[in-house]
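2 protein chains.
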Amino acid sequence: MTDLPRYLQLLWGREPEGRRGPKPGRTIEGIGAAAVEIADREGLEAVSMKSVARAVGFTTMSLYRYVDSKEELEAVMLDVAYGAPTFTYDTGSGWRDRISLWARGIAQRRLAHPWTVELIQSAPPLTPNVLAWTEHGLAALEDTPLTSEQRLSAMLAIDGWAQNHLRQSVQMGFTGPVDPESPQGNYLGLISQLIDPERFPQLTAAGSESLGDPDDNFYAEEFDRGMGLLLDGIAALIERHP
Amino acid sequence: MTDLPRYLQLLWGREPEGRRGPKPGRTIEGIGAAAVEIADREGLEAVSMKSVARAVGFTTMSLYRYVDSKEELEAVMLDVAYGAPTFTYDTGSGWRDRISLWARGIAQRRLAHPWTVELIQSAPPLTPNVLAWTEHGLAALEDTPLTSEQRLSAMLAIDGWAQNHLRQSVQMGFTGPVDPESPQGNYLGLISQLIDPERFPQLTAAGSESLGDPDDNFYAEEFDRGMGLLLDGIAALIERHP
DNA sequence: GCGCTACTGCGTACGGTGCAAGCAGTTACT
DNA sequence: AGTAACTGCTTGCACCGTACGCAGTAGCGC
Numbered sequence: 001m002t003d004l005p006r007y008l009q010l011l012w013g014r015e016p017e018g019r020r021g022p023k024p025g026r027t028i029e030g031i032g033a034a035a036v037e038i039a040d041r042e043g044l045e046a047v048s049m050k051s052v053a054r055a056v057g058f059t060t061m062s063l064y065r066y067v068d069s070k071e072e073l074e075a076v077m078l079d080v081a082y083g084a085p086t087f088t089y090d091t092g093s094g095w096r097d098r099i100s101l102w103a104r105g106i107a108q109r110r111l112a113h114p115w116t117v118e119l120i121q122s123a124p125p126l127t128p129n130v131l132a133w134t135e136h137g138l139a140a141l142e143d144t145p146l147t148s149e150q151r152l153s154a155m156l157a158i159d160g161w162a163q164n165h166l167r168q169s170v171q172m173g174f175t176g177p178v179d180p181e182s183p184q185g186n187y188l189g190l191i192s193q194l195i196d197p198e199r200f201p202q203l204t205a206a207g208s209e210s211l212g213d214p215d216d217n218f219y220a221e222e223f224d225r226g227m228g229l230l231l232d233g234i235a236a237l238i239e240r241h242p
Numbered sequence: 001m002t003d004l005p006r007y008l009q010l011l012w013g014r015e016p017e018g019r020r021g022p023k024p025g026r027t028i029e030g031i032g033a034a035a036v037e038i039a040d041r042e043g044l045e046a047v048s049m050k051s052v053a054r055a056v057g058f059t060t061m062s063l064y065r066y067v068d069s070k071e072e073l074e075a076v077m078l079d080v081a082y083g084a085p086t087f088t089y090d091t092g093s094g095w096r097d098r099i100s101l102w103a104r105g106i107a108q109r110r111l112a113h114p115w116t117v118e119l120i121q122s123a124p125p126l127t128p129n130v131l132a133w134t135e136h137g138l139a140a141l142e143d144t145p146l147t148s149e150q151r152l153s154a155m156l157a158i159d160g161w162a163q164n165h166l167r168q169s170v171q172m173g174f175t176g177p178v179d180p181e182s183p184q185g186n187y188l189g190l191i192s193q194l195i196d197p198e199r200f201p202q203l204t205a206a207g208s209e210s211l212g213d214p215d216d217n218f219y220a221e222e223f224d225r226g227m228g229l230l231l232d233g234i235a236a237l238i239e240r241h242p
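Residue numbers (full-length UniProt numbering), protein chains in the order written: chain W, 1 to 242; chain H, 1 to 242.
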């Protein structure tokens, strides 16, 4: 049994009691919240050990009393960004409504903190809020006849898709008003400048047709479309289930 | 009409002819390949302007004659990692076989260079090989009655899911032999140490049942399962198409 | 031929990063 | 009372991406 890394001990409140020395002056949640605030305001690249420390009134190295590395700080940030799931499922609602609600909830949290898509997590999440969301997602599929392995697969697929959709949308600059002067804004201009219509017929067609006017609703519409695809797939899986 | 960033000019062979001065001693493709080799061998964090420059026999700053920033270098790396799609679709094969083949092809390339999931692309891809794969994916759906907008959506959903599955698998350490000593290896140990079975009943159940023995085939099996979900969804979309 | 000019790769320098190590001061155990 | 474990702080290091100016080179217009 390996003992827990520091930040997990703190997040889960697993500190041994009766510890000597001064009480810690901050909480990791507070530190994470400060980091999140910086990321929301100035972008993820503005989050450094120094800037976060300053935001909580610390010197740089003091942060290492709460977190062993910047990567761990990022895990805390993600947990703060998720927050605890606040909604509950209507009694009587079916799995499709439930998991949709859940997916929308996750998408909403992530959309409020778009920098989450820039985080690279080299380890699976073990923080309280993220695990709470996972639990909530599994619970949405509780009434289906699927095995828990299938439920986990389905949930991971949905979560993964939602996350990826946000990622792609952020890349394309579709999450806010489209600025035609920005490099993303004239993506179409650049692409048509590059590709040979004979070598890239499908792309040429798709470009002129579909991406013609990516308006503000593009993100939401695409979200519903893709989610519908996945839910139909899950429905098919359930129907053919023994 | 904005003019192209340097690395795109080089990748697409759009340099003006009759240029003065010495010929460039390297190609971006070569530089990208060197960077890919470093990433394959020592991980993405070992890729620095210095290390790449040394690998091609340059000083650090010389790289900036080919690329305006490290981010552009990463775009080149991704393009090299993808390579050009080499396969063709069987005549007579249906869309389902075709897009499956395509998805497998992409997954294979990415799996050969797992660090691709760590790349954060802040702009949509405009490099030749990546666009060639996109074209190839759209062509797989050519025979379906879907609009090109729907085809694009479907393809993005599949690609996104494949990419995300790889990302999650890499995080979990499922892409290679499982080392129980590594932090990912005893993920289950850690999780069971943290969660209260009463507050996290679904997770507890899922953990003990499904993740019991994540063997080498877990990645591939999960890939097929999720892909099946998506393809079923697309099939449903096609059936109800006017 | 000539210089001019745009190009090559190189050397130096700068501000910023994450983090290792040792510090004096504080608190609660033995 | 003494000691051991903790707090936050200070200093210092190796490394990062990249701005800027350099001498040398190849093709242009004359």
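Yeah, the Cβ is synthetic: ideal placement off N, Cα and C, and Gly gets one too.
- In the structure shown, H:Gln121 adopts coil according to DSSP, grouped into three states.
- Chain order gives the chain H residues near W:Ser122 as Gln171, where near means a beta carbon separation below 7 Å.
- Neighbourhood of W:Gly226 in chain H, by CB distance below 7 Å: Ser153, Ala157, in chain order.
- Contact of H:Ser148 with chain W is assigned, a C-beta pair being separated by under 8 Å.
- H:Asp143 has a beta carbon lying at 8 Å or more from every beta carbon in chain W.
- In the structure shown, W:Trp161 adopts helical secondary structure according to DSSP, grouped into three states.
- Of the residues W:Gly94, W:Asn129, W:Ala157, W:Leu138, the one whose Cα lies closest to the Cα of W:Arg109 is W:Asn129.
- Distance from the CA of W:Glu29 to the CA of W:Thr127, rounded to the nearest whole angstrom, comes to 11 Å.
- Straight-line spacing of the CA atoms in H:Gly105 and W:Pro5 works out to 38 Å.
- In this structure, W:Leu44 sits away from W:Ala53, with a CB-CB distance that is not shorter than 8 Å.
- Distance from the CA atom of H:Ala220 to the CA atom of W:Asp90, rounded to whole angstroms, is 36 Å.
- For H:Met227, the uninterrupted alpha helix (DSSP H) segment begins and ends at 218-239.
- The Cβ of H:Glu222 sits closer than 8 Å to at least one Cβ of chain W.
- Take the alpha-carbon of W:Glu72 and the one of W:Leu11: they are about 11 Å apart.
- Judged by DSSP in its simplified three-state form, H:Tyr64 adopts helix.
- Against W:Asn164, the close residues of chain H are Leu156, Ala157, Asp159, Gly160, Trp161, Gln163, Asn164, Arg167, in the order they occur along the chain (beta-carbon pairs closer than 9 Å).
- For W:Glu29, no chain H residue has a C-beta closer than 8 Å to its own C-beta; the minimum C-beta separation is roughly 16 Å.
- A direct Cα-Cα distance of roughly 23 Å separates W:Ala140 from H:Met172.
- Counting only residues of its own chain and dropping the five nearest sequence neighbours on each side, W:Leu8 has a CB closer than 8 Å to the CB of Arg14, Leu126, Thr127.
- Within chain W, the residues Leu131 have their CB atoms less than 7 Å from the CB of H:Ile195, given in chain order.
- Contact between H:His241 and H:Pro124 is ruled out by a C-beta separation of about 28 Å, above the 8 Å threshold.
- By the rule that beta-carbons nearer than 8 Å mark a contact, W:Phe200 touches chain H.
- Counting only runs of 4 or more residues that sit fully inside the segment 16-58 of chain H, the alpha helix (DSSP H) segments are 28-42, 49-55, in chain order.
- For the pair W:Leu119 and W:Leu138, the CB atoms are not nearer than the 8 Å cut-off.
- Taking a Cβ-Cβ cut-off of 9 Å, W:Thr59 has no neighbours in chain H, whose nearest Cβ is about 26 Å from it.
- Counting C-beta atoms within 10 angstroms of its own C-beta, W:Met227 has 16 or more neighbours from the protein chains shown and is therefore classed as buried.
- The shortest C-alpha to C-alpha distance from H:Val67 to any of H:Pro24, H:Ser208, H:Gly92 is the one to H:Pro24.
- Taking the CA atoms as reference points, H:Asp3 sits about 55 Å from W:Asp3.
- Bounds of the alpha helix (DSSP H) holding H:Gly137 are 128-140.
- Contact holds between the segment 147-166 of chain H and the segment 227-238 of chain H, because three or more Cβ pairs, one in each stretch, are under 8 Å apart.
- Put simply, the CB of H:Glu118 is near chain W, with a gap under 8 Å to one of its CB atoms.
- Within the same chain, Cβ atoms closer than 7 Å to the Cβ of H:Val47 are found at Ala35, Ile38, Ala39, the five residues on either side in sequence being excluded.
- One alpha carbon belongs to H:Arg199, the other to H:Ala154, and they sit about 37 Å apart.
- Here H:Ala157 is buried, its C-beta having at least 16 other C-beta atoms within 10 Å.
- Counting C-beta atoms within 10 angstroms of its own C-beta, H:Met49 has 16 or more neighbours from the protein chains shown and is therefore classed as buried.
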